[in-house]
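Residue numbers for the sequence shown follow this note's numbering, beginning at 393 and rising by one.
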Amino acid sequence: MDKRESTKNGLLAPAYFFIALFIVVSPVLAGTNDHPLKFSIRLSGEAGFISVGDINTGLRTFNNNPAFKEIRKTNPTWVSLEGNIETLNGLYANSEAEVRIDFLRKFGLGIAVSGAKINRRNESFLRLIQNYDPYFYIYEYSYEPEIMTSAPYKVTLYYYWRQGDKASIYFNGGVGYYKGKMSEQFDLRTYDNPLTFEDWTKRHWETEWKSTMGFHVGAGLELRMGRNLRIFAEFHGRYARISNFRAIQQNETSYPFYEETTGWLYYFTKENLLVGVRHADLTVWEVPPEGSIELIADVRKARLDISGISLKVGVRLFLF
393 MDKRESTKNG LLAPAYFFIA LFIVVSPVLA GTNDHPLKFS IRLSGEAGFI
443 SVGDINTGLR TFNNNPAFKE IRKTNPTWVS LEGNIETLNG LYANSEAEVR
493 IDFLRKFGLG IAVSGAKINR RNESFLRLIQ NYDPYFYIYE YSYEPEIMTS
543 APYKVTLYYY WRQGDKASIY FNGGVGYYKG KMSEQFDLRT YDNPLTFEDW
593 TKRHWETEWK STMGFHVGAG LELRMGRNLR IFAEFHGRYA RISNFRAIQQ
643 NETSYPFYEE TTGWLYYFTK ENLLVGVRHA DLTVWEVPPE GSIELIADVR
693 KARLDISGIS LKVGVRLFLF
């Protein structure tokens, strides 16, 4: 079996599981009450945001460290900053299709799949100039982070708290299957004068796809538009964090030096000796070091956090 076929089977496995669960549960529910089962399809559009997680924490704590904040505020003559290191945008829009079965009078069960993936990538640049006349030093930082998630599969239980002829209020909750990956390209170029010496460092890491189970809850209002048609609006919250990423990393410098590391992606904080501040970062180790000249601390496996909130609106079509 090639890698493409293996990936395809990995993506379809959760769908097979949720469909099988739906098929098994349906007759059981039908046999436990006298209320006729009602089948429907729910189509919705969704807009919201996700937290993104550790990759944004690293970018944010570097760009907004106390030293840089003070430079931007006071604008001293001996040091200056140009540009900003930007975090990844957590806003997203999505679509979702769900098959629903209503049982009893106030309960329903749905299996859904989203129609879109989340893919966020940007590139940003920051230049730090230190002027000690007649000498000066220039540090040019460049970051290019990226996150990707696949379309999740979800199972949701619905409870109708208030039911009326025209409007109903409901709550829901359930579990979902999520997959994601991350990567980052980091470049640092250093210049000094009058020797005009140039030194550079490059680091690139990329994780494998990793999956997790997440949880979601919601509350919504459903309006009856006809015998077989409903429209709804729903506030939706989700908790899903992916960790334990296997990854590969390439480090390269102008010395010249090249090193390739395979291991786990870690989050940590360190002392940046060039800037003189502490900030978060991500790197790949097979086993984390116990300590170093950069005073590494707060070491743990890195996380992609796709938790967030959103607003859904859509229609529900009753089949029979």
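Virtual Cβ for every residue (Gly too), placed ideally from N, Cα, C. All values reported here derive from a predicted model rather than from experimental measurement.
Where does residue i sit, in a helix, a strand or coil, going by DSSP?
| i | result |
| --- | --- |
| F624 | strand |
| A543 | coil |
| L687 | coil |
| V505 | strand |
| I510 | strand |
| D494 | strand |
| E644 | strand |
| E438 | strand |
| E682 | coil |
| V669 | strand |
| G706 | strand |
| A639 | strand |
| A489 | strand |
Cutting at 7 Å between CB atoms, please list the residues of its own chain near residue i, excluding the five before and the five after it.
| i | result |
| --- | --- |
| L711 | F431, S432, I433 |
| Y562 | Y550, Y551, Y552, W553, G612, E614 |
| A504 | E488, A489, E490, K546, T548 |
| S560 | Y552, R554, E614 |
Since residue i is in the alpha helix (DSSP H), which residue starts that stretch and which ends it?
| i | result |
| --- | --- |
| R464 | 458–466 |
| I561 | Run containing I561: none in the alpha helix (DSSP H); it sits in the beta strand (DSSP E), 559–585. |
| N455 | 446–455 |
Quick one: residues in its chain with C-beta nearer than 8 Å to the C-beta of residue i, no 5 flanking neighbours on either side, listed in chain order?
| i | result |
| --- | --- |
| A625 | G612, L613, L703, K704, V705 |
| A459 | V667, G668, V669 |
| G423 | Caution applies to G423, whose pLDDT of 49 falls short of 50 and renders its modelled position unreliable; the value that the coordinates give is listed next. If we look at G423 and ignore the five residues flanking it on each side, it has no Cβ neighbours. |
| A485 | G437, E438, A439, A508 |
| I688 | F660, T661, K662, P680, P681 |
Excluding the 5 residues preceding and the 5 following residue i in the sequence, name in chain order all residues of the same chain whose CB lies nearer than 6 Å to its CB.
| i | result |
| --- | --- |
| L580 | Y533, T593 |
| T653 | Q641, V676 |
| G450 | A672, D673, L674 |
| I701 | G440, G629 |
Start and end of the beta strand (DSSP E) containing residue i?
| i | result |
| --- | --- |
| A694 | Looking at the DSSP string, A694 is not in any beta strand (DSSP E), and its letter there is neither H nor E. |
| F607 | 602–618 |
| F649 | 649–664 |
| T593 | 589–599 |
| L429 | Here L429 belongs to no beta strand (DSSP E), and DSSP marks it neither H nor E. |
| W763 | Outside the modelled stretch of the chain, which goes from 393 to 712, sits residue 763, for which no answer is possible. |
| D525 | Counting along the chain, D525 falls outside any beta strand (DSSP E), and DSSP gives it neither H nor E. |
| T479 | Per DSSP, T479 belongs to no beta strand (DSSP E) and is neither H nor E. |
Should residue i be labelled buried (16 or more other beta-carbon atoms within 10 Å of its own) or exposed?
| i | result |
| --- | --- |
| E590 | exposed |
| G556 | exposed |
| P537 | buried |
| F578 | buried |
| K558 | exposed |
| L709 | exposed |
| W597 | buried |
Comparing the C-beta of residue i with each C-beta of chain E, is any distance below 8 Å?
| i | result |
| --- | --- |
| W470 | Judged by its chain identifiers, the structure shown contains no chain E, having just a single protein chain. |
Original post:
Are three or more beta carbon pairs between the segment 692–699 and the segment 560–576 nearer than 8 Å?
Top reply: yes
Original post:
Given 8 Å as the limit, is there contact between the segment 622–636 and the segment 644–652, that is, 3 or more CB pairs closer than that?
Top reply: no
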